[in-house]
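Have a look at the structure below, then the notes.
Number of protein chains: 2
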Amino acid sequence: MKHHALWVSLSLLLALPLPGRAVEFTAAELARASALQKTLVTLDSHLDTPANFARADFDMMVAHPGNKLSQVDYPRMVQGALDGGFWAVYTGQGDRSARAHLEDRDAGLQRLSVIHQLLAAHPDKFEEATTPADAARIKARGKRIVYISMENASPLVHDPSLLSFYYRQGLRLMSAVHFLNSEFADSATDPKGPEWHGLSPAGKQLVQAAQRLGIVIDQSHASDEVFDQLIALSPVPILLSHSGARAVHDHPRNIDDARLKVLAAHGGVIQVNSYGSYLIGSGASAERKAAEKALFAKYGDWEHMNVADGTRIAADLKALDAKYPVKHATLDDFLAHLDHVLKLIGPEHVGIGMDWDGGGGVEGMEDVSDLPRITAWLLRKGYTKEQIAGIWGGNVLRVMQQAQDWAASQPK
Amino acid sequence: MKHHALWVSLSLLLALPLPGRAVEFTAAELARASALQKTLVTLDSHLDTPANFARADFDMMVAHPGNKLSQVDYPRMVQGALDGGFWAVYTGQGDRSARAHLEDRDAGLQRLSVIHQLLAAHPDKFEEATTPADAARIKARGKRIVYISMENASPLVHDPSLLSFYYRQGLRLMSAVHFLNSEFADSATDPKGPEWHGLSPAGKQLVQAAQRLGIVIDQSHASDEVFDQLIALSPVPILLSHSGARAVHDHPRNIDDARLKVLAAHGGVIQVNSYGSYLIGSGASAERKAAEKALFAKYGDWEHMNVADGTRIAADLKALDAKYPVKHATLDDFLAHLDHVLKLIGPEHVGIGMDWDGGGGVEGMEDVSDLPRITAWLLRKGYTKEQIAGIWGGNVLRVMQQAQDWAASQPK
Numbered sequence: 001m002k003h004h005a006l007w008v009s010l011s012l013l014l015a016l017p018l019p020g021r022a023v024e025f026t027a028a029e030l031a032r033a034s035a036l037q038k039t040l041v042t043l044d045s046h047l048d049t050p051a052n053f054a055r056a057d058f059d060m061m062v063a064h065p066g067n068k069l070s071q072v073d074y075p076r077m078v079q080g081a082l083d084g085g086f087w088a089v090y091t092g093q094g095d096r097s098a099r100a101h102l103e104d105r106d107a108g109l110q111r112l113s114v115i116h117q118l119l120a121a122h123p124d125k126f127e128e129a130t131t132p133a134d135a136a137r138i139k140a141r142g143k144r145i146v147y148i149s150m151e152n153a154s155p156l157v158h159d160p161s162l163l164s165f166y167y168r169q170g171l172r173l174m175s176a177v178h179f180l181n182s183e184f185a186d187s188a189t190d191p192k193g194p195e196w197h198g199l200s201p202a203g204k205q206l207v208q209a210a211q212r213l214g215i216v217i218d219q220s221h222a223s224d225e226v227f228d229q230l231i232a233l234s235p236v237p238i239l240l241s242h243s244g245a246r247a248v249h250d251h252p253r254n255i256d257d258a259r260l261k262v263l264a265a266h267g268g269v270i271q272v273n274s275y276g277s278y279l280i281g282s283g284a285s286a287e288r289k290a291a292e293k294a295l296f297a298k299y300g301d302w303e304h305m306n307v308a309d310g311t312r313i314a315a316d317l318k319a320l321d322a323k324y325p326v327k328h329a330t331l332d333d334f335l336a337h338l339d340h341v342l343k344l345i346g347p348e349h350v351g352i353g354m355d356w357d358g359g360g361g362v363e364g365m366e367d368v369s370d371l372p373r374i375t376a377w378l379l380r381k382g383y384t385k386e387q388i389a390g391i392w393g394g395n396v397l398r399v400m401q402q403a404q405d406w407a408a409s410q411p412k
Numbered sequence: 413m414k415h416h417a418l419w420v421s422l423s424l425l426l427a428l429p430l431p432g433r434a435v436e437f438t439a440a441e442l443a444r445a446s447a448l449q450k451t452l453v454t455l456d457s458h459l460d461t462p463a464n465f466a467r468a469d470f471d472m473m474v475a476h477p478g479n480k481l482s483q484v485d486y487p488r489m490v491q492g493a494l495d496g497g498f499w500a501v502y503t504g505q506g507d508r509s510a511r512a513h514l515e516d517r518d519a520g521l522q523r524l525s526v527i528h529q530l531l532a533a534h535p536d537k538f539e540e541a542t543t544p545a546d547a548a549r550i551k552a553r554g555k556r557i558v559y560i561s562m563e564n565a566s567p568l569v570h571d572p573s574l575l576s577f578y579y580r581q582g583l584r585l586m587s588a589v590h591f592l593n594s595e596f597a598d599s600a601t602d603p604k605g606p607e608w609h610g611l612s613p614a615g616k617q618l619v620q621a622a623q624r625l626g627i628v629i630d631q632s633h634a635s636d637e638v639f640d641q642l643i644a645l646s647p648v649p650i651l652l653s654h655s656g657a658r659a660v661h662d663h664p665r666n667i668d669d670a671r672l673k674v675l676a677a678h679g680g681v682i683q684v685n686s687y688g689s690y691l692i693g694s695g696a697s698a699e700r701k702a703a704e705k706a707l708f709a710k711y712g713d714w715e716h717m718n719v720a721d722g723t724r725i726a727a728d729l730k731a732l733d734a735k736y737p738v739k740h741a742t743l744d745d746f747l748a749h750l751d752h753v754l755k756l757i758g759p760e761h762v763g764i765g766m767d768w769d770g771g772g773g774v775e776g777m778e779d780v781s782d783l784p785r786i787t788a789w790l791l792r793k794g795y796t797k798e799q800i801a802g803i804w805g806g807n808v809l810r811v812m813q814q815a816q817d818w819a820a821s822q823p824k
């Protein structure tokens, strides 16, 4: 075989997807995808990036590739043609003592403050958005879009009236609960099982107060019973800001097909996530899990690690693979969830919420710089530009518009 | 007379203070004063400047001379050799309804947030300080110093436990009350007179909670009875962040000589202010007062005016002078208060808190760029460099150190 022919064969080999291999895209497909994304408003509905703002060595204007703690920064957003999204006020679930409620209250306000500090630090690069129309306006100005969301309402347990302050400060999307049951709702993943069998009375009040303000309710992390109650009580569609399909992988953080159909029938949207252990079973042994726990403990708690630790953790995890092999979720696995929900409820009810900087990212899509692969896949699957525009932001903004319109229509 | 001799005479005329004329300083005196200030940590204990941060057209990095709303910005701080001070979370006193308490709560948190946004926007120019030692360290780095204070604790009425969040966010100096009585304390100026005869029970709890955290208590704006109770209950010295001497002008916002002596005996400090109507009686007629009120109403409420309005208001006020003359406080009037307290309780118990951007400023000292005149006057009066260092910052930092040391010594 001549060298030239060999080169052509190799090029084809690299360019085309092979059976049993991860999906691959040609440079032309990726270029087309990236170009298309640049014409759309592209939003991720769950960015945990604010958790990084307080890390001493994090710089939003510098790329941090190959880092376990950071998958989003300005250079990689530009590279991946991501305009922005919902930047989360995430607060861990404390032990539900009175003291913990105060800690959670303070932590939430602190996280909210650092989002505004980012906006103040880079007024030429980022701008706060509070209405659906803001997104296109901000993009047209050449800036990235910052909607503010809340993941886990633990900062509001001590005093739910603080919701008014969060709203004034831009909060437009909120979830009630996280990994564990809270005063407001049951979690999908609390090992103790249901406590309220859905929302607590305080949780219902919180949801209704939020909806009166036009804040979209985010079901992700809540139990199925919470989902059912939200559908029953909500006058507006709800969102799953970062979830997957239970039909693809049976995990409580994913949603079953029957509920997906209910979600869509009520006008709601699921934003598909890329959190590995929700996408597939990793087959991690008890030893592997213990080794991972020890590894993270070595670097101190998640909240106070430095971004530099994220690079070390990535290397350490790779070393663990040799000793305790696990199955890592890939882009194919993410796309299997995306494909399933698209086929089941249609592209008008699907979006993107990868859980970046909160555990998201798969092999083949390690950070936001890779996002055009999603668009390339959607194009390959034959979705229209309009459908892709909906998936990348139009659908979540439609839900937001309905929430804000309904709130505006209510007597004050 | 030859031209040369005339010139010398004129120079002397301009250089020397004349009877009946405002105090004047030679260029050499001002240069020496400015040079001295640059070697000291110079702090103003009551900067209302954060009220300007939210004004759409305010830019901290641009000088706004001749502006009724703005007397502090970075260029004028450099010009006046002011290193920084205590930047106030000021909140107006609402009508004390439950709704107003929530509004005050939200307003306080919002004001706190804009201070951190300033810090985020100009990390090379401003830095937050929380301990006395921070001030010199920040100055040595060539930056301006931002301690955070609270004027009026109305943001804490709804939920005093929010104090923990303010403390975490840097609060180190706090007053309980402003123009009107509150849930916490009697004001010096409420037309209704005393309501609690000092601190309320909630006010005492708040003061004690603050002192346990090492937050200095600021008596300015509170009634004499509050002063007496603070002295009685405080294990540490207290501060008057911006007040004058009642012996010089009999106004309830000023403090009498007997209490000044008590303040000093307890290690406290009075920071002399330059709020005109506390310095002298203006002799304003009812018509003048009504005209001023109408003038401000023309520009909308204080909180939402633009800085550009501040220039127009300055011009409009000058026009009012022609129609309704009033006596304007001058630098001499300010210095009369300063002189009195210095002589009465000594330079170890006196400092500077001009109420810039909150109504401060006098003829002959319109903004922070004029501050070396104070130092020139102190030098002329024979105060030593060490005494001047105390007046410009050492005294207030000593009070802060005592408050923080005491808090650290308490069982947790």
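These protein sequence lines map, in sequence, to chains A and B. The first sequence begins at 1 in our numbering and counts up by one. The second sequence begins at 413 in our numbering and counts up by one. Every residue, glycine too, gets a C-beta built ideally from N, C-alpha and C.
Helix, strand or coil for A:Glu24 per DSSP?
Three-state DSSP puts A:Glu24 in coil, outside helix and strand.
Would you mind telling me which residues of chain A sit closer than 9 Å to B:Asp713, beta carbon to beta carbon, in chain order?
-> The premise fails here: B:Asp713 is roughly 17 Å from chain A at the closest Cβ pair, so nothing lies under 9 Å.
From the beta carbon of A:Asp106, is the nearest beta carbon of chain B less than 7 Å away?
Yes, contact with chain B.
Could you check if A:Ser369 is buried or exposed, using at least 16 other CB atoms within 10 Å of its CB as the buried criterion? Counting every other CB atom within 10 Å of its CB across the protein chains shown gives A:Ser369 a total of 16 or more, marking it as buried.
Need the endpoints of the alpha helix (DSSP H) that B:Ser525 sits in, please. Note, B:Ser525: alpha helix (DSSP H), Ala510 to Ala533.
(Q) Would A:Ile231 and A:His197 be called neighbours here (beta carbons separated by less than 7 Å)? (A) Not in contact: A:Ile231 and A:His197 (Cβ atoms no closer than 7 Å).
* Within its chain, find whatever has a CB closer than 8 Å to the CB of A:Trp406; leave out the 5 residues flanking it on each side and keep chain order. => Around A:Trp406: Gln211, Gly214, Pro235 and Val236.
At a CB distance below 8 Å, what residues from the stretch 802 to 822 of chain B approach chain A? Give them in sequence order. Listed by position along the chain: nothing, the set is empty.
Taking the C-alpha atoms as reference points, what is the distance between A:His251 and A:Asp59? Those two C-alpha atoms are separated by around 35 Å.
Reduced DSSP category for B:Gly869 - H, G, I as helix; E, B as strand; rest coil | The shown model of chain B, from 413 to 824, leaves out residue 869 of chain B, and the question about it has no answer.
| Close-in-space but distant-in-sequence residues of the same chain around B:Phe708 (CB under 8 Å, 5 per side omitted) | Apart from sequence neighbours up to five positions away, the residues of its chain that approach B:Phe708 with a beta-carbon distance below 8 Å are Trp714 and Ile725, ordered along the chain.
(request) Could you work out which residue in B:Arg549, B:Arg508, B:Trp499 and B:Lys537 is closest to B:Ser525 when comparing CA atoms only? (result) The residue with the shortest Cα to Cα distance from B:Ser525 is B:Trp499.
**Study point:** B:His752 - containing alpha helix (DSSP H), residue span
**Key:** Where B:His752 is concerned, the enclosing alpha helix (DSSP H) stretches over Leu743 to Ile757.
(request) Name, please, each residue of chain B whose Cβ falls closer than 7 Å to the Cβ of A:Asp159. (result) Taking a Cβ-Cβ cut-off of 7 Å, the neighbours of A:Asp159 in chain B comprise Asp571, given in sequence order.
Can you check the stretch 218 to 286 of chain A for any beta strand (DSSP E) of at least 3 residues that lies completely inside it and give the ranges in chain order?
DSSP runs (the beta strand (DSSP E)) wholly in the stretch 218 to 286 of chain A: 239 to 245 and 269 to 272.
Leaving out five residues before and five after B:Leu585 in sequence, what residues of the same chain have Cβ atoms less than 6 Å from its Cβ? Once the five neighbours on either side are set aside, the close Cβ partners of B:Leu585 are Phe498, Ser561, Val628 and Asp630.
Taking 7 Å as the threshold (beta carbon to beta carbon), is A:Arg413 in contact with chain B? Only positions 1 to 412 of chain A appear in the structure, and residue 413 of chain A is not among them; the question remains open.
Within-7 Å CB hit, B:Ser421 to chain A: Here the model assigns B:Ser421 a pLDDT of 45, short of 50, so the residue's position is not dependable, and the following value carries that caveat. Not one chain A Cβ lies under 7 Å of B:Ser421.
Pick out whichever of A:Asp44, A:Ala35, A:Thr26 and A:Val23 has its Cα sitting closest to the Cα of A:Gly393. A:Gly393 has its Cα closest to that of A:Asp44, out of A:Asp44, A:Ala35, A:Thr26 and A:Val23.
Classify A:Asp367: buried if its beta carbon has 16 or more other beta carbons within 10 angstroms, exposed otherwise. Answer is buried; the Cβ neighbour count reaches 16.
- Message: Please return the same chain residues whose Cβ sits closer than 8 Å to the Cβ of B:Asp769, not counting the five positions on each side in sequence.
- Response: Answer for B:Asp769: Leu459, Asp460, Thr461, Ala463, Asn464, Leu481, Ser482, Gln483 and Val484, listed in chain order.
Legend entry - Alpha-carbon to alpha-carbon, A:Leu371 and A:Met498: Because chain A spans 1 through 412 in this model, residue 498 of chain A falls outside it and cannot be assessed.
Nearest-angstrom Cα separation, counted from A:Thr131 out to A:Gln401:
So the alpha carbons of these two residues sit roughly 7 Å apart.
Q. What residues of chain A sit near B:Gln522, judged by a beta carbon separation below 8 Å?
A. Against chain A, a Cβ distance below 8 Å from B:Gln522 picks out Phe165, Arg168 and Gln169.
I want to verify the contact list: residues of chain A whose CB lies under 7 Å from the CB of B:His716, in sequence order. Ordered by position in chain A, no residue passes the 7 Å Cβ test against B:His716, which lies about 14 Å from the chain.
Identify which residue in B:Arg810, B:Glu436 and B:Arg511 has its Cα closest to the Cα of B:Pro759. Here the closest residue by C-alpha is B:Arg810.
**Asked** Grouping DSSP H, G and I as helix and E and B as strand, with all else coil, what is A:Met150?
**Response** In the displayed model, A:Met150 falls within a strand according to three-state DSSP.
Exercise for the section: Pick helix, strand or coil for B:Ala447, following the three-state DSSP scheme. Expected result: Secondary structure at B:Ala447: helix, using DSSP grouped into helix, strand and coil.
What does the alpha-carbon distance come out to for the pair A:Ala222 and A:Ala258? A:Ala222 and A:Ala258 have their C-alpha atoms spaced approximately 16 Å apart.
Where does A:Met400 sit, in a helix, a strand or coil, going by DSSP? Look at A:Met400 here: in three-state DSSP terms it is helix.
Min CB distance B:Gly432 to chain A below 7 Å:
Confidence in B:Gly432 is poor, its pLDDT being 47 and thus under 50, which makes the residue's placement too unreliable to answer from.
Quiz item: Thinking C-alpha only, which one of A:Asn152, A:Leu180 and A:Phe184 is nearest A:Leu171?
Solution: Considering only alpha carbons, the answer is A:Asn152.
Could you tell me the alpha carbon to alpha carbon distance between A:Trp7 and A:Thr26, rounded to whole angstroms? Its pLDDT being 43, under 50, A:Trp7 is placed unreliably by the model, and the measurement read from it follows with that caveat. The straight-line gap from Cα to Cα measures roughly 16 Å.
Note to self: Among A:Val146, A:Ala135, A:Ala133 and A:Gly244, whose alpha-carbon lies nearest the alpha-carbon of A:Ala188?
What the structure shows: Comparing Cα positions, the closest option is A:Gly244.
Is the CB of B:His528 under 7 Å away from at least one CB in chain A? The Cβ of B:His528 sits closer than 7 Å to at least one Cβ of chain A.
Hey, quick one: how far does the beta strand (DSSP E) through B:Ser587 stretch, first residue to last?
It spans Leu583 to Ser587 - the beta strand (DSSP E) in which B:Ser587 sits, taken as one unbroken run.
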